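The sequence shown begins at 1 in the UniProt record's numbering and counts up by one. C-beta atoms are modelled at their ideal positions from N, C-alpha and C, and glycine is treated no differently. In this text, all values refer to a predicted model and were calculated from it rather than measured experimentally.
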Amino acid sequence: MNWYVFFVRTGREEKVKQLINEWLDSEVYKPFIPLQERLFKVAGTVKKELAPLFPSYVFIESNLPDLQFLTSTNSMIYTSSDIIRLLRYSKSKAAMRDCERQVLESLYNDSYCIESSTGMIEGDNIRIISGPLQGRSSIVKKIDRHKRQAVIQLEFMGDIRLVNVALEIISKV
Numbered sequence: 001m002n003w004y005v006f007f008v009r010t011g012r013e014e015k016v017k018q019l020i021n022e023w024l025d026s027e028v029y030k031p032f033i034p035l036q037e038r039l040f041k042v043a044g045t046v047k048k049e050l051a052p053l054f055p056s057y058v059f060i061e062s063n064l065p066d067l068q069f070l071t072s073t074n075s076m077i078y079t080s081s082d083i084i085r086l087l088r089y090s091k092s093k094a095a096m097r098d099c100e101r102q103v104l105e106s107l108y109n110d111s112y113c114i115e116s117s118t119g120m121i122e123g124d125n126i127r128i129i130s131g132p133l134q135g136r137s138s139i140v141k142k143i144d145r146h147k148r149q150a151v152i153q154l155e156f157m158g159d160i161r162l163v164n165v166a167l168e169i170i171s172k173v
């Protein structure tokens with residue numbers, strides 16, 4: 001299965017996802033918006049909300065090869081004012097690399113959402129005890145305990161991206 005990525009106008013991700021569902025065969029094209037859980041405290045209670053992991057991007061899962069995908073989505077891209085462009089590595093290579101896709105797939109649940117993780121700080125080290133970041137403390141670059149977030153490093157379409165994900169630190173030793 002290939003993943004393709006559209007760069008879209010900010011805040012229009014859901015609209016573009018709906019447009020793809022209307023224009024293209026749902027058996028062949030499965031659009032999704034990668035999400036992340038965010039934790040925040042309101043009146044002493046920790047609440048969760050979902051937010052786009054990569055704002056301004058809509059992903060499409062398809063088994064079509066690059067050239068066939070490019071040909072079949074071309075008119076939709078030019079017709080929609082909300083789709084800016086399809087991300088590509090080169091003129092003929094548009095599908096996300098397997099290694100990048102596999103890292104994201106290993107972090108996501110079935111709804112393409114990265115759930116919150118729980119960890120502990122032991123001296124200068126972090127130990128993640130549950131959640132999708134468990135066993136992956138090496139990709140954590142920074143922790144903001146007050147915002148309940150970790151900044152992780154991911155490779156995305158050939159670039160290194162720093163992305164915020166939910167991380168609850170339960171103790172510091």
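So, using beta-carbon positions, are residue i and residue j closer together than 8 Å?
{"i": "Ile121", "j": "Val173", "result": "yes"}
{"i": "Glu105", "j": "Gly131", "result": "no"}
{"i": "Ser111", "j": "Gln134", "result": "no"}
{"i": "Ser56", "j": "Phe7", "result": "yes"}
{"i": "Arg9", "j": "Asp82", "result": "yes"}
{"i": "Met157", "j": "Met76", "result": "no"}
{"i": "Leu67", "j": "Ser92", "result": "yes"}
Taking all protein chains shown into account, decide if residue i is buried (16 or more other Cβ within 10 angstroms of its Cβ) or exposed.
{"i": "Met1", "result": "exposed"}
{"i": "Ala94", "result": "buried"}
{"i": "Val163", "result": "buried"}
{"i": "Leu107", "result": "buried"}
{"i": "Leu19", "result": "buried"}
{"i": "Gln149", "result": "buried"}
{"i": "Gly119", "result": "buried"}
{"i": "Val165", "result": "buried"}
Using CA atoms only, rank isn't needed, just tell me which of the options is closest to residue i.
{"i": "Ile160", "options": "Lys141, Arg145 and Arg136", "result": "Lys141"}
{"i": "Gly44", "options": "Ile60, Ala150, His146 and Val5", "result": "His146"}
{"i": "Ser26", "options": "Gly158, Ser62, Lys48 and Val163", "result": "Ser62"}
{"i": "Thr79", "options": "Glu14, Trp23, Ser138 and Arg136", "result": "Trp23"}
{"i": "Ile126", "options": "Gln68, Glu168, Pro52 and Ser75", "result": "Glu168"}
{"i": "Leu70", "options": "Val58, Glu155 and Arg88", "result": "Arg88"}
{"i": "Arg85", "options": "Glu100, Phe59, Val103 and Pro65", "result": "Phe59"}
{"i": "Val28", "options": "Ser138, Ser75, Pro65 and Pro52", "result": "Pro65"}
{"i": "Leu154", "options": "Gly123, Gln18, Phe54 and Ile77", "result": "Phe54"}
{"i": "Gln36", "options": "Asn74, Met157 and Val151", "result": "Val151"}
{"i": "Val5", "options": "Pro31, Val103, Ser137 and Ile170", "result": "Pro31"}
At least one CB of chain B closer than 8 Å to the CB of residue i: is that the case?
{"i": "Lys142", "result": "Of the chains in the structure shown, none is chain B; there is only one protein chain."}
Indicate, with yes or no, if the ligand ZN has a heavy atom lying under 7 Å from the CB of residue i.
{"i": "Ser81", "result": "This structure simply doesn't include the ligand ZN, nor any ligand for that matter."}
Residues in the same chain with beta-carbon distance under 7 Å from residue i, minus the five sequence neighbours each way, listed in chain order, please.
{"i": "Ile47", "result": "According to the sequence shown, residue 47 is Lys rather than Ile. Cβ within range, chain order: Phe40."}
{"i": "Asn109", "result": "Glu115"}
{"i": "Lys15", "result": "Asp82"}
Who are the Cβ neighbours of residue i in its own chain at under 6 Å, not counting the five residues just before and after it?
{"i": "Arg101", "result": "Trp3"}
So if DSSP puts residue i in a beta bridge, which residue, or which two residues, is it bridged to?
{"i": "Phe32", "result": "Phe59"}
{"i": "Thr45", "result": "Val42"}
{"i": "Ser171", "result": "Met120"}
{"i": "Ala150", "result": "Ile143 and Val165"}
{"i": "Trp23", "result": "None, per the DSSP bridge assignment."}
Give every residue of the same chain whose Cβ lies closer than 8 Å to the Cβ of residue i, excluding the five residues on either side of it in the sequence, and list them in chain order.
{"i": "Leu50", "result": "Leu35, Gln36, Glu37, Arg38 and Cys113"}
{"i": "Glu13", "result": "Ile33, Pro52, Pro55, Ser56, Tyr57 and Val58"}
{"i": "Gly123", "result": "Val173"}
{"i": "Ser138", "result": "none"}
{"i": "Lys17", "result": "Pro31, Phe32, Ile33 and Val58"}
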